[in-house]
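Comments concern the structure below.
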Amino acid sequence: MKTNYDFVAIGDTVTDAFIRIKEASLHCNINKENCEICFRFADKIPYEEVYMLPAVGNSANASVAASRLGLKSALVTDLGDDYFGKECLNVLAKENIGNEFIAIHKDVKTNYHYVLWYEDDRTILIKHEKYNYKLSDIGNPKWIYLSSLGADSMAYQESVEAYLSMHNDIKLAFQPGTFQMNAPELLANFCKRAEIFFCNKEEAQRILKTAESDIKELLKLVKKMGPKTVVITDGKKGAYAYNEDDFWFMPPYPDPKPPLERTGAGDAFSSTFTVAIALGKSIEEALMWAPINSMSVVQYIGSQEGLLTAEQLEKYLETAPSDYKPRKL
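Counting from 123, one number per residue, gives the positions in the sequence shown under the numbering used here.
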């Protein structure tokens, strides 16, 4: 009998090679935006350390977050039949992630990204391998969490859209990746179906093709695309949510010490918010859960080591500052 999961994440999985460097420089505009990282050209640049982290990526990270927080979680993804693919399967098994929807492709590589880690942030060199994507019967999960897929996955994503159309009781959380943002029709269709939509402020401006910076206007414009609840994060400034009734602002959870690096903070926020809603919590409660996992993730290397269990997360809530709570705008 097919398992009906609480939470099924769909998206590409990668192995990240974190390369920690010091001999670089940042060049930004006057607003500290549009930054570029620079190295000496045609030279040998020393690095400090390399960390190999298999089974990561937006959806893989979300599946791990859901599992640690107590949901029955599975991942729909594609891997190569190589060393890195086997490593990814081992990591997912240890996290109790259902693997029956994972496709293994012979003579194809597993996605492998290089993460240039400089100071407390990262620049990622990405390459999505070409897989023969095919959606299997994933049953009737309570939630589907859809995120980043490669540029050649259009037909596959259309099959995901069709699957959702045939299963109206499945709730969709949508955190679009780069290629999904560049496919307007598909993006619009998933937005119309989404229970929750996630992006950061810069992504919202890119999707909407606007220079609008007022967060309430951005929330309203994204809401017009169809999702029931819109969540926009704004880095260190906090996060915002909007449904048909209210606007909320949520401050970040205070870092116990300076962040080590920020990979996976957005994934931790979005997946934790979704899990909280899946567990029957209110938007206000979900907004209080999500920044805690983001705070924890940035204290570690990579996007998964810092992901918390529900018990660990509740302990942070118990000791939260008095002003750590959502407020209506």
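Ideal placement from N, C-alpha and C gives every residue a C-beta, glycine not left out.
None of the values given here were measured: they were computed from a predicted structure.
Under the three-state reduction of DSSP output, residue 378 falls in the coil class, being neither helix nor strand. Residue 325 is classed as buried because its beta carbon has at least 16 other beta carbons within 10 Å across all chains shown. In this structure, residue 225 lies near residue 256, with their beta-carbon atoms less than 8 angstroms apart. In the DSSP annotation of this structure, residue 384 is not part of any beta strand (DSSP E), being labelled neither H nor E.
In the DSSP annotation of this structure, the continuous segment of the beta strand (DSSP E) that includes residue 176 starts and ends at 169-178. Secondary-structure assignment with DSSP links residue 293 through a beta bridge to 265.
Collapsing the DSSP output to three states places residue 372 in a strand. For residue 202, the number of other beta carbons within 10 angstroms of its own is at least 16, and it is reported as buried. Three or more pairs of CB atoms, one per stretch, sit closer than 8 angstroms, so the stretch 124-136 contacts the stretch 185-198. The residue among 436, 205 and 394 with its C-alpha nearest the C-alpha of residue 184 is 394. Between residue 159 and residue 148, the alpha-carbon positions lie close to 5 angstroms from each other. Minimum Cα-Cα distance from residue 259 among the listed residues 413, 285, 236 and 144 corresponds to 285. Per DSSP, the beta bridge partners of residue 244 are 239. A distance below 8 angstroms separates the beta carbons of residue 295 and residue 396.
By the CB criterion at 8 angstroms, residue 220 and residue 269 fall outside the cutoff. The beta carbons of residue 388 and residue 355 sit closer together than 8 angstroms. Judged by DSSP secondary structure, residue 158 falls within the beta strand (DSSP E) whose first and last residues are 158-160. Residue 150 sits exposed, since fewer than 16 C-beta atoms from the chains shown fall within 10 Å of its C-beta. Below 8 angstroms, enough C-beta pairs join the stretch 339-349 and the stretch 359-369 to call them touching: three or more.
In this model, residue 424 and residue 235 are separated by some 12 angstroms (Cα to Cα).
The secondary-structure analysis by DSSP pairs residue 422 with nothing; it has no beta-bridge partner.
A straight line joining the alpha-carbon of residue 274 with that of residue 435 spans about 38 angstroms.
Scanning 143, 413 and 133 for the CA closest to the CA of residue 253 turns up 133.
Going by C-alpha positions, residue 204 is about 12 angstroms away from residue 176. In this structure, the straight-line span from the alpha carbon of residue 429 to that of residue 293 is close to 23 angstroms. Bounds of the beta strand (DSSP E) holding residue 354 are 351-355.
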